Every structure is written in C-alpha cells, then in structure tokens.
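To keep things clear, I will list the structure first and then write my remarks on it.
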Amino acid sequence: MPFASVTKIADADFPTRWGHFRILGFEGVTTNPQPCNEAIPAPATRTEAAVALVMGDIHAAPPIVRIHSQCLTGDVFHSLRCDCRQQLELALATIAEAGTGILLYEQQEGRGIGLMAKLRAYELQDQGRDTIEANLELGYAADCRAYELPAAILKSLGVKAVRLITNNPEKVEALVSAGIEVTERISAVVPTEPTFDRYIQTKRDKMGHLVG
Ligand SMILES: Nc1nc2c(ncn2[C@@H]2O[C@H](COP(=O)(O)OP(=O)(O)OP(=O)(O)O)[C@@H](O)[C@H]2O)c(=O)[nH]1
Ligand SMILES: [Zn+2]
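For the sequence shown, UniProt numbering assigns the number 1 to the initial residue and increments by one for each residue that follows.
Next up, the structure:
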C-alpha cells in the first residue's frame, strides 16, 4: 500500500497534563489499498489522517516513539475491554519523563476494520468468540492495519531511528521494512484487568504479542 503523498497540514502548540507538546496534523494518500473484507471493495485511493504529538529535541538521539492505533472506546471512554487507554497514558508519561519523543495517533480504529465493525465484533465476543475469531466471522482479516503513514511521517520529521514503545512485533517489522531503524523496543505491558485478560492472552497466543 504505497503512499502517493504525505502532507503536513498543521503544526500548533499543545499543552497537556503530561507536559508541553506540539501537535502536528498529517494527511497521506494511499493508492490501491488492500481490501480488508472481500465483501467490501477498497477504493482506488484513500486519504488517511494522523496526528503527531512531538516533545523536545527529536534529533539529538533516536527518540522514544509510540504508534497508537485509534480506540474510541478505550481512549475516550476508558473502556476496560482493552488496554489501549492505559497504553496511551504509559506512552505519554514515558515521553514526558524523557523530555522528548513522538506519539503518532493513527485512525485505524478496531485494527483497521472501523468503529461499527469493531462494535459488531464486541457483540460476537460477548457470545464467546475471541477478538480474532470475531473479526474473521465478520469477513475481516484479524488485523487490517498497515504502518506506511506513521513511517512516512517519521521520515518527513527527519527521524531515521527510533526507540519504539510496543508489544507488537508487526509494528517493529513494519518500521524496519520502511527503512527506519528500531534501536530499542520498549515494553508496552500495562497492569491487566479481569475484563481484558482474555483479550491480552489472545493477542499473545494468536498474534505473537510480547506480553510475557
Ligand atoms: N477488531 C477489534 N479491534 C480491537 C479490539 N479491541 C481493541 N481493538 C483495536 O485494536 C487496536 C489496538 O491494538 P492492540 O492490539 O491493542 O495493540 P497494538 O497497537 O497492535 O500493539 P501495541 O503497540 O503493543 O499496543 C486499536 O485500533 C483498537 O481500536 C477488538 O476486540 N476487536
Ligand atoms: Zn482499545
């Protein structure tokens, strides 16, 4: 899914409870995106938006970077079906403590299947399916995400090497194959809750997430 273009749309001051960032908006145009569900044809081109929260001097050394996939339910409503909100807070706190880093927030809700499909997947999980089985039963791939846009944003920021906060080996591989060195993987393990134990176990057992 190559990117035809990546454009910086905005760059503004951004104070947060974790510290002072800049907030940058980016848009990328993909050509020939792969369909995520064979019953739903992909458009010929697709515009994707992503936000970068940038703190400090990101060029002095490989910066701490988090690529966070949108999770409305977790990020906004503090859902305890998943660990997304805790991971977002961990990433912002880690960057703030270091005084420098980048949080890339990309809008691949529900591992790229979209919000409505994710809520339908939740219904199936309420009936006993795990997070992967639910996606497959709805006709979607287990994970429809690609990381070309975050990689292209890092390049446009002049970042060639990163210390990546993640448990997901696919994110490391995606950056490396896009030509960005990952000098360190920083664990994104957060305290688990009974309400998302099974979700974490499924990601470990079926998706190879590095969660101990
Ligand atoms: N389809 C689907 N998506 C989910 C579900 N729960 C969370 N998500 C989405 O999963 C994405 C987050 O992915 P995770 O697997 O938690 O983490 P990751 O980003 O792959 O890896 P880390 O970097 O280790 O956090 C977000 O897009 C969420 O909206 C679910 O049950 N079904
Ligand atoms: Zn989530």
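Don't be surprised by glycine CBs; every beta carbon is placed ideally from N, CA and C. All of these numbers come straight from a predicted model, not from anything done at the bench.
Inter-residue Cα distance where the pair is residue i and residue j
| i | j | result |
| --- | --- | --- |
| ALA52 | THR7 | 12 Å |
| TYR199 | ALA141 | 17 Å |
| ASP83 | ALA188 | 10 Å |
| SER69 | ASP75 | 10 Å |
| ARG22 | PRO63 | 15 Å |
| ALA44 | MET116 | 22 Å |
| THR73 | ILE67 | 17 Å |
| ALA93 | ASP57 | 17 Å |
| GLY79 | ARG85 | For the record, residue 79 in the displayed sequence is Ser; it is not Gly. Whole-angstrom Cα-Cα distance: 8 Å. |
| ALA61 | ALA178 | 19 Å |
| ALA96 | TRP18 | 6 Å |
| ASN135 | LEU119 | 10 Å |
| PRO33 | MET207 | 22 Å |
| PHE14 | GLU148 | 25 Å |
| ARG204 | LYS155 | 30 Å |
| VAL159 | ILE165 | 15 Å |
| GLN201 | THR131 | 10 Å |
| HIS59 | PRO194 | 41 Å |
| GLY99 | VAL54 | 10 Å |
Those residues which DSSP pairs with residue i across a bridge
| i | result |
| --- | --- |
| MET207 | DSSP lists no partner for MET207. |
| SER177 | Partner(s): none; SER177 has no beta bridge. |
| LEU53 | ILE23 and LEU103 |
| residue 289 | Past the edges of the chain, shown from 1 to 212, lies residue 289, and the structure says nothing about it. |
| LYS8 | PHE26 |
| THR45 | THR31 |
| PRO15 | HIS20 |
| TYR140 | ASN37 |
| ILE165 | ILE186 |
Within-7 Å CB hit, residue i to chain B
| i | result |
| --- | --- |
| ARG120 | No chain B is part of this structure, which consists of one protein chain only. |
Residues near residue i by beta carbon distance below 7 Å, same chain, minus five either side
| i | result |
| --- | --- |
| ASP36 | The question names Asp, but residue 36 in the sequence shown is Cys. Taken in chain order, the residues that qualify are GLY112, ILE113, TYR140, ALA141 and CYS144. |
| GLY212 | VAL189 |
| GLU137 | LEU124 and ARG129 |
| LEU88 | HIS68 and ASP75 |
| ILE153 | VAL6, PHE26, ALA50, ALA52 and LEU104 |
| GLN108 | SER69, GLN70 and ARG145 |
| ALA42 | PRO33, GLN34 and PRO35 |
Close-in-space but distant-in-sequence residues of the same chain around residue i (CB under 6 Å, 5 per side omitted)
| i | result |
| --- | --- |
| ALA161 | PRO62, GLU181 and THR183 |
| ALA12 | ILE23 |
| SER5 | VAL29 |
| ALA39 | GLY139 |
| GLU48 | GLY28 and LEU149 |
| LEU157 | none |
Same chain, Cβ closer than 8 Å to residue i, neighbours up to 5 away in sequence not counted
| i | result |
| --- | --- |
| ALA151 | ALA174, LEU175, ALA178, GLY179 and ILE180 |
| PRO169 | GLY208, HIS209 and LEU210 |
Three or more C-beta pairs under 8 Å: does that hold for the segment 118-125 against the segment 100-107? no
Measuring from each Cβ to the nearest heavy atom of ligand 2, keep the ones under 5 Å and list them in chain order.
CYS71, GLY74, CYS82 and CYS84
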